[in-house]
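Mapping of the sequence shown onto my numbering: residues 701 to 1299, in sequence order. The next block holds one structure in the form of structure tokens; read it before the comments.
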Amino acid sequence: MKNTETKAKARPAGKSADEMGKQQREISVSEFFTKNRHLLGFDNPRKALLTAVKEAVDNALDASEEAGLLPDIVVKLEPAGVGDAPAPPASQATRFRVTVIDHGPGIVRDQIPRVFAKLLYGSKFHRLRMSRGQQGIGISAAGMYGQLTTGKPVKIISRTGEKQPAHYFEVQIDTKKNEPIILEKKQIEWERHRGTQVTIELEGKYQKGRASVDEYMELSAISNPHATFTYHAPDGEVKSYPRTIPVNPEPPKEIKPHPYGIELGMMLKMLQDTKSHWLSGFLSGDFSRVSTETAEDICKNAGLKAHMRPRDVTGQAAENLYKTIQATKLMAPPTNCLSPIGEKAILAGLFKQIKGEFYTAVTRPPAVYRGNPFVIEVGLAFGKTPEALAAAAAAAPKAPLAEGESRDDDGELARVIRFANRVPLVYQQSACATFKAVLDTTWKNYGVSQSRGAPPAGPMAVFVHMASVWVPFTSESKEAIADYDEIRKEITLALREAGRRLGVFIKRRERAHAENKRRNIFELYIEEVVGACKRLKGGKIAEAKLRAQLNDVAKKLTGGQKTDELVDKKAGPFGLPDSIIVTAEGVEGDAPAHVKEGK
Ligand SMILES: Nc1ncnc2c1ncn2[C@@H]1O[C@H](COP(=O)(O)OP(=O)(O)OP(=O)(O)O)[C@@H](O)[C@H]1O
Ligand SMILES: [Mg+2]
């Protein structure tokens, strides 16, 4: 009995290591993402349609800006039929053809198949510079999703200049090898001199409203006021968003990694890959903010020779070097690798797309998380347009509200609009550091009501933008920003500053309303008093003079000159910097001239 038991233990019923070994093999990145398409933002048909548009538009904007060209982008969504069936109306369609056209630099012929049909292939991953794309997955993943759901290839036209021919390609991904398969390639006539057009047919669902392609286009116009967008919705509606700023943002510079931002493993790899022959040269040459002197000090403090070969720094020595670097005081990384939107441009964008009474924008100074520089920007659009206010007043019940009674719009919550490197983020709001910071801000301090754990209430849009060389997204689909302490702190500070300005506006507006009411009452009595004086004096009285004097008194009693002083036109309305106030009389403040005119 004992014997059999030992035998059974020695030979378990399951598979042997040999058998298991035969099943172990490489998983291609395309196979991985085919199974995990939700990681890339293709988890349901509605979101898939948006993600495909977003990836193509991101690339179009990145490429145009990098080439120094003003982005001019066309997005076309068309319902498509299944098989030979005719295309159903947009609301019932389950398949769409997404076409995005740019007037950018184009893509050289030989690169086209890999750009559109190979995952993890791109120009942005290995550099530290702010751009919308980071990973080299975006557009090929959208193509792969299209291929999986409709069997159709990605169709591309690209041309790099007037003297160059336009190339047409149809490509698919070989998911086993993560390599492109070219189904068609030829030169064609194309009316554009330069640019790229990509068409992907995919399973999708079109619905307007929150997190729709329509909302994404509207938000993109806010965060990219230098770009022109033309959007052909699948129901045939065409919306155009002409640029409001005629120049591209300052192009961000590429920087070297900052020592505080790298992990030990990364440093080990850099030590092996460097072109420097000396350790001190590696430190000062391959990192930002390490001078030759500092590099020598680091070597000394780590007990290493400055002239040793970087490749020989391994094991304990490498660990000592890493610890010494982290303990050395270094300047923060340079910030010319960032290109924030800027307060004026945010105001212009908000003003154009969101109607309200008060606007403000705050761009924080650059800060650093894990060695990566970043900038936080916040904007607020508050209130209703004079027309909307008038309509609400006309519709509102004349009698004041009784206790416990509320008007229809009282429950309206602020809309939080989030952006990372100018790209609107429309999904996973509650997982995003920006949204958490909005919830954690005490809006009551600024005269806006707020329930516990909710965004502020009222007719308001809160704009939050993070610009960074590396935005820490919570997943590959780039939908929410991870909650690093340094990032949260900056967002909070920016929200507080914008909130403070809003508070000033609300308080002063309330006061102005009250004073205005008083003045109106005085004016009613002035007529009575003038009439009475006239009767007393038997009609012999300088009526106009008396009225003017009494009006002067009324003005003085209701703020008078002081109110005028409060409205300091020089620094923006109400003395607030970078704010616009819209009243029935027109626009006050820093709205750029072309925005005012083109309203
Ligand atoms: N419209 C375009 N014009 C010019 N180059 C383009 C265009 N679209 C893509 N590219 C090039 O193709 C590369 C791959 O694009 P892809 O969207 O797959 O990755 P990415 O933009 O680098 O990163 P991410 O995965 O974060 O989007 C880009 O890095 C860029 O060099
Ligand atoms: Mg991309």
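Note that beta-carbon positions come from the ideal geometry of N, C-alpha and C, so glycine has one too. Source: prediction; values computed, not measured.
According to DSSP, simplified to helix, strand and coil, what is residue i?
i       : result
Glu1210 : helix
Asn948  : coil
Ser988  : coil
Ser1175 : coil
Gln792  : coil
Leu1266 : Caution applies to Leu1266, whose pLDDT of 47 falls short of 50 and renders its modelled position unreliable; the model cannot decide the point.
Arg1107 : The predicted model places Arg1107 with a pLDDT of 48, which falls under 50 and marks its position as unreliable, so this point remains unresolved.
Phe929  : strand
Glu891  : coil
Arg1011 : helix
Met701  : Residue placement at Met701 cannot be trusted, given a pLDDT of 46 that sits under 50; the coordinates are not used to answer.
Phe1163 : strand
Glu726  : coil
Thr850  : helix
His738  : helix
Ile773  : strand
Ala780  : strand
Arg1196 : helix
Ala1242 : coil
Lys1299 : Below a pLDDT of 50, predicted positions are generally treated as unreliable, and Lys1299, at 40, falls in that range; the measurement from the model is reported next regardless. The answer is coil: DSSP assigns Lys1299 none of H, G, I, E or B.
Glu963  : coil
Arg1070 : coil
Gly1289 : strand
Ile1280 : strand
Given 8 angstroms as the limit, tell me if residue i has its C-beta closer than that to any heavy atom belonging to ligand 1.
i       : result
Phe1119 : no
Phe825  : yes
Gln864  : no
Ala1006 : no
Lys886  : no
Val898  : yes
Val815  : yes
Ser840  : yes
Ile1181 : no
Glu731  : no
Asp1140 : no
Glu755  : yes
Pro805  : yes
Leu811  : Residue identity differs from the one stated: residue 811 is Gln in this sequence, not Leu. Yes; taking the cut-off as 8 angstroms, the Cβ of Gln811 has a heavy atom of ligand 1 nearer than that.
Asp997  : no
Gln835  : yes
Quick check on the burial criterion: 16 or more other C-beta atoms within 10 angstroms. Buried or exposed for residue i?
i       : result
Lys1000 : exposed
Gly1303 : Not covered by the structure: residue 1303. The range shown for the chain is 701 to 1299.
Tyr1225 : exposed
Ile1221 : exposed
Asp802  : buried
Gly1079 : buried
Thr896  : buried
Leu750  : buried
Asn1121 : buried
Lys715  : exposed
Met966  : exposed
Arg1235 : exposed
Ser831  : buried
Ser1039 : buried
Ile1054 : buried
Lys818  : buried
Ser791  : exposed
Val1148 : buried
Gln887  : exposed
Asp758  : buried
Phe825  : exposed
Gly836  : buried
Taking 8 angstroms as the threshold, find out whether the stretch 769-783 comes into contact with the stretch 853-868 through three or more Cβ pairs. Three or more beta-carbon pairs separated by less than 8 angstroms are not found between the stretch 769-783 and the stretch 853-868, which leaves the two stretches without contact.
So which residues touch the region around ligand 4, with touch meaning a C-beta under 5 angstroms from any heavy atom? Absence of ligand 4 is noted for the structure shown, with ligand 1 and ligand 2 being the only ligands found.
For the pair the stretch 906-920 and the stretch 749-768, tell me if three or more CB-CB distances fall below 8 angstroms. Proximity of the stretch 906-920 to the stretch 749-768 meets the contact definition, three or more beta-carbon pairs being nearer than 8 angstroms.
Using 8 angstroms as the cut-off, can you tell me whether the stretch 1194-1203 makes contact with the stretch 1058-1066, which would need three or more C-beta pairs spanning the two stretches below that distance? Taking a cut-off of 8 angstroms on C-beta distances, the stretch 1194-1203 touches the stretch 1058-1066, as three or more cross pairs fall below it.
If you pair each beta-carbon of the stretch 1173-1190 with each one of the stretch 1042-1053, do three or more pairs fall below 8 angstroms? Contact between the stretch 1173-1190 and the stretch 1042-1053 is not established, with fewer than three Cβ pairs separated by less than 8 angstroms.
Between the stretch 873-881 and the stretch 713-730, do at least 3 Cβ pairs fall closer than 8 angstroms? Because the criterion of three Cβ pairs below 8 angstroms is met, the stretch 873-881 and the stretch 713-730 touch.
Are three or more beta carbon pairs between the stretch 849-858 and the stretch 897-905 nearer than 8 angstroms? Between the stretch 849-858 and the stretch 897-905 there are three or more inter-stretch CB-CB distances shorter than 8 angstroms, so the stretches are counted as touching.
So, do the stretch 1017-1036 and the stretch 977-989 have three or more beta carbon pairs nearer to each other than 8 angstroms? Enough Cβ pairs lie closer than 8 angstroms, so yes.
Given 8 angstroms as the limit, is there contact between the stretch 1242-1256 and the stretch 1204-1224, that is, 3 or more CB pairs closer than that? Contact between the stretch 1242-1256 and the stretch 1204-1224 is present, with at least three C-beta pairs closer than 8 angstroms.
Below 8 angstroms, can you find three or more Cβ-Cβ pairs linking the stretch 825-842 to the stretch 733-743? Between the stretch 825-842 and the stretch 733-743 there are three or more C-beta pairs closer than 8 angstroms, enough to call the two in contact.
Counting Cβ pairs, one atom from each stretch, are 3 or more of them under 8 angstroms apart for the stretch 1151-1167 and the stretch 1128-1142? Proximity of the stretch 1151-1167 to the stretch 1128-1142 meets the contact definition, three or more beta-carbon pairs being nearer than 8 angstroms.
Are the stretch 968-979 and the stretch 1004-1017 touching by the rule of at least three beta carbon pairs closer than 8 angstroms? Yes, they touch.
So, do the stretch 763-771 and the stretch 941-949 have three or more beta carbon pairs nearer to each other than 8 angstroms? Of all C-beta pairs linking the stretch 763-771 to the stretch 941-949, three or more are shorter than 8 angstroms, placing the two stretches in contact.
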